[in-house]
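A.B. asks: Sharing a structure below in structure tokens format, with a few things to ask.
Residue numbers (the numbering used here), protein chains in the order written: chain A, 325 to 627; chain B, 19 to 280.
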């Protein structure tokens, strides 16, 4: 089922065209990385999905409904804005309590969410007194109110230091695992959503460059790939693999797992080889190597 | 499209009002202090005359300034993107506009009316049995609501600075402008017919924005021994025009916000 569909969407503001004839669709139950540099049109796209903006041309559908006309769609969506526009003079509890009441979410549910995002010790603190990382947690907590089926998170790691950014990405991963919600997450830091997302939309200067499942895009653009291999004897398997000329690197993850980077054109060869090594290999899976590499390849293929 | 959940409207209006509780407190304290001084000087149990309502003009100015500041805060909320947060949490655009209207317009009116009834009850309790105070209450409500509507119109159009500055200036200088216009019309209007027409139209416009102040001036002038030779607009018609303009303005505000890019 299609979660979000943009069909030939253009959005003009007074002096600029933020989106130019954009078309893409995002499948349900996916975690979508909405990637592009600053000013690419990510926030405009997010606001169009939420029905906060009206497209100048084209159609937008969220679960088949027009979000501009049907305000009901927002009941099923959680939204986190790019800027921390929360009322800084309010305590975390007062702010989240108000939003929970709007959504008719009970105290028990609110407490569960607060615990899930790690805000339970900050409830009495004013939002303005929180660190940036905790402010982002407030943003994530409010977006999760009412058990949304889709989370639209606009630059959740913007303006954060690397360790806090890491924390937020980890939190998103946990949320996806625990709650199983679809997510659309935008970021201008291309590689950071690699571990969370399985679908991607690449956008630049108001034009969608490419979109699709990361596995498919990887194959299409022949970016470097990494396989995660579960082995009975990682040392023997490692020695065998490192001898192959198309293997770029072999990395030991723990006692049972290896991470093997391979030249893109030999992706199939390694897959066949691993399938034949049944006595050493328990299982293997493909993991996209670098969203950054993929982005570079997509941009260079377009220019 | 226009489905409204009163519970959500109440929740959000109460949230905004609680957030800016201190502004309301300051306004109420100042307005009531002014009235208390007036009552102390005047004493209770007087007969009802128009000038008894004079201190209410001062209270009106204070609540108009409060209303302008609140509207400006709403404008900031819309401009900064905070309003999107509330809309993302199932509040519809219609519910949002109604809730800010309650806070910026209706809440100050309720406080002002309570004050007005208190003043009337202390000064001339017997008048409460007649229609006079209730008609005055209607004029008062229309004036404050017209001011709040103008301020909210500017604020929701993204002009938060103009909402507070123009709102405050109008609140402060409107009685002065009104005095100048009506005095000119009444005492010098017959000297230059074309200018008289212009001033008459201008008086109508400004009186539509402030029917209580206008009606106060009108009845004051009419009570004077030497009235002018020219006529002033009828306060009843001004009130009707004010109410009709309010209804029209609110329709425009709702439609504009429904179509607004946030």
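C-beta: ideal position from N, C-alpha, C; glycine also.
At what residue ranges does the segment 498 to 566 of chain A contain a whole run of the alpha helix (DSSP H), taking only runs of 4 or more?
C.D. replies: Within the segment 498 to 566 of chain A, the complete alpha helix (DSSP H) runs of at least 4 residues are 538 to 545 and 558 to 566.
A.B. asks: At the 7 Å Cβ level, is residue 106 (chain B) part of the contact set with chain A, yes or no?
C.D. replies: Answer yes: the Cβ-Cβ gap between residue 106 (chain B) and chain A drops below 7 Å somewhere.
A.B. asks: Between residue 275 (chain B) and chain A, is any beta-carbon pair separated by less than 7 Å?
C.D. replies: It does not; no Cβ of chain A falls within 7 Å.
A.B. asks: From the beta carbon of residue 520 (chain A), is the nearest beta carbon of chain B less than 7 Å away?
C.D. replies: Not closer than 7 Å to any Cβ of chain B, the Cβ of residue 520 (chain A) fails to qualify, so no.
A.B. asks: Taking 7 Å as the CB-CB limit, is residue 110 (chain B) close to chain A?
C.D. replies: Chain A contact via Cβ: present.
A.B. asks: Within the 7 Å Cβ cut-off, does residue 512 (chain A) reach chain B?
C.D. replies: With 7 Å as the cut-off, residue 512 (chain A) does not count as an interface residue toward chain B.
A.B. asks: In the DSSP assignment, what are the bridge partners of residue 357 (chain A)?
C.D. replies: Answer by DSSP bridge pairing, in chain order: A:509 and A:524.
A.B. asks: Is it right to say residue 340 (chain A) is buried, meaning 16 or more other beta carbons lie within 10 angstroms of its own, or is it exposed?
C.D. replies: Exposed, by the Cβ-count rule.
A.B. asks: Who are the neighbours of residue 683 (chain A) on chain B, taking C-beta pairs under 8 Å?
C.D. replies: Absent from the model: residue 683 (chain A). The displayed extent of chain A is 325 to 627, so no value can be given.
A.B. asks: Pick helix, strand or coil for residue 383 (chain A), following the three-state DSSP scheme.
C.D. replies: Strand, per DSSP.
A.B. asks: Listing by chain order, which chain A residues have their CB less than 8 Å from the CB of residue 280 (chain B)?
C.D. replies: By Cβ distance, chain A contributes 371, 376 and 377.
A.B. asks: Counting only Cβ-Cβ distances shorter than 8 Å, please list the residues of the segment 30 to 42 of chain B near chain A, keeping chain order.
C.D. replies: Result list: 30, 33 and 37.
A.B. asks: Secondary structure at residue 609 (chain A), three-state DSSP: helix, strand or coil?
C.D. replies: Of the three classes helix, strand and coil, the one that applies to residue 609 (chain A) here is strand, per DSSP.
A.B. asks: Alpha carbon to alpha carbon, how far is residue 440 (chain A) from residue 453 (chain A)? Give it in angstroms, no decimals.
C.D. replies: Rounded to the nearest angstrom, the two C-alpha atoms are 21 Å apart.
A.B. asks: Could you tell me whether the segment 364 to 383 of chain A touches the segment 505 to 520 of chain A, using the rule of 3 or more Cβ pairs below 8 Å?
C.D. replies: Output reads yes: the segment 505 to 520 of chain A touches the segment 364 to 383 of chain A.
A.B. asks: State the start and end residues of the unbroken beta strand (DSSP E) segment that holds residue 326 (chain A).
C.D. replies: Note, residue 326 (chain A): beta strand (DSSP E), 326 to 336.
A.B. asks: Give me the residue from A:592, A:601 and A:552 with the minimum Cα distance to residue 628 (chain A).
C.D. replies: The shown model of chain A, from 325 to 627, leaves out residue 628 (chain A), and the question about it has no answer.
A.B. asks: Using CA coordinates, which residue listed in A:418, A:433, A:625 and A:573 is at the minimum distance from residue 37 (chain B)?
C.D. replies: Considering only alpha carbons, the answer is A:418.
A.B. asks: Would you mind sorting residue 242 (chain B) into buried or exposed? The rule is 16 or more other CB atoms within 10 Å of its CB.
C.D. replies: It is exposed - the Cβ of residue 242 (chain B) has fewer than 16 other Cβ atoms within 10 Å.
A.B. asks: Could you tell me which chain B residues have their CB closer than 7 Å to the CB of residue 409 (chain A), listed as they occur along the chain?
C.D. replies: Per Cβ cutoff of 7 Å: 98, 99, 100 and 103.
A.B. asks: Going by CA-CA distance only, name the one from A:381, A:380 and A:398 that's closest to residue 387 (chain A).
C.D. replies: Comparing Cα-Cα distances from residue 387 (chain A) to each of A:381, A:380 and A:398, the minimum goes to A:398.
A.B. asks: With burial defined as no fewer than 16 other Cβ atoms inside 10 Å of the residue's Cβ, what is the status of residue 277 (chain B): buried or exposed?
C.D. replies: Result: exposed.
A.B. asks: Ignoring anything shorter than 4 residues, give me the alpha helix (DSSP H) runs that lie fully in the segment 446 to 470 of chain A, in order along the chain.
C.D. replies: 456 to 468, all fully within the segment 446 to 470 of chain A.
A.B. asks: For residue 628 (chain A), go through chain B and note every residue whose CB falls closer than 8 Å to its CB, in chain order.
C.D. replies: Residue 628 (chain A) is absent from the structure shown; chain A starts at 325 and stops at 627.
A.B. asks: Whole angstroms is fine: what's the gap from residue 457 (chain A)'s alpha carbon to residue 480 (chain A)'s?
C.D. replies: Distance between the alpha carbons of residue 457 (chain A) and residue 480 (chain A) is about 10 Å.
A.B. asks: In chain B, which residues lie with their C-beta within 7 Å of the C-beta of residue 353 (chain A)?
C.D. replies: Going along chain B, no residue has its Cβ under 7 Å from residue 353 (chain A), so there is no contact; the nearest lies around 21 Å.
A.B. asks: Does the beta-carbon of residue 192 (chain B) have 16 or more other beta-carbons within 10 angstroms, so that it is buried, or is it exposed?
C.D. replies: Burial call: buried.
A.B. asks: State the DSSP-derived secondary structure class of residue 578 (chain A), mapped to helix, strand or coil.
C.D. replies: Reduced to three states, the DSSP call for residue 578 (chain A) is coil.
A.B. asks: Using 7 Å as the limit for Cβ to Cβ distance, is residue 291 (chain A) near chain B?
C.D. replies: Examination of residue 291 (chain A) is not possible in this model, given that chain A is present from 325 through 627 alone.
A.B. asks: Please name the residue in A:595, A:472, A:495 and A:338 whose C-alpha comes closest to that of residue 506 (chain A).
C.D. replies: Nearest C-alpha to residue 506 (chain A): A:472.
A.B. asks: Below 7 Å between beta carbons: does that hold for residue 251 (chain B) and residue 222 (chain B)?
C.D. replies: Yes, the Cβ-Cβ distance between residue 251 (chain B) and residue 222 (chain B) is below 7 Å.
A.B. asks: How is residue 412 (chain A) classed by DSSP in three states: helix, strand or coil?
C.D. replies: The answer is coil: DSSP assigns residue 412 (chain A) none of H, G, I, E or B.
A.B. asks: If we ignore side chains and look at the alpha-carbon of each, how far apart do residue 216 (chain B) and residue 162 (chain B) end up?
C.D. replies: Rounded to whole angstroms, residue 216 (chain B) to residue 162 (chain B) spans 26 Å at the Cα level.
A.B. asks: For the putative contact between residue 95 (chain B) and residue 22 (chain B), defined by C-beta atoms under 8 Å, what is the C-beta separation to the nearest angstrom?
C.D. replies: Wrong, their Cβ atoms sit about 20 Å apart, outside the cutoff.
A.B. asks: What is the DSSP secondary structure of residue 418 (chain A), reduced to helix, strand or coil?
C.D. replies: Here residue 418 (chain A) sits in helix by DSSP.
A.B. asks: I want to see whether chain B comes within less than 7 Å of residue 456 (chain A), judged by CB atoms only; does it?
C.D. replies: Chain B contact via Cβ: absent.
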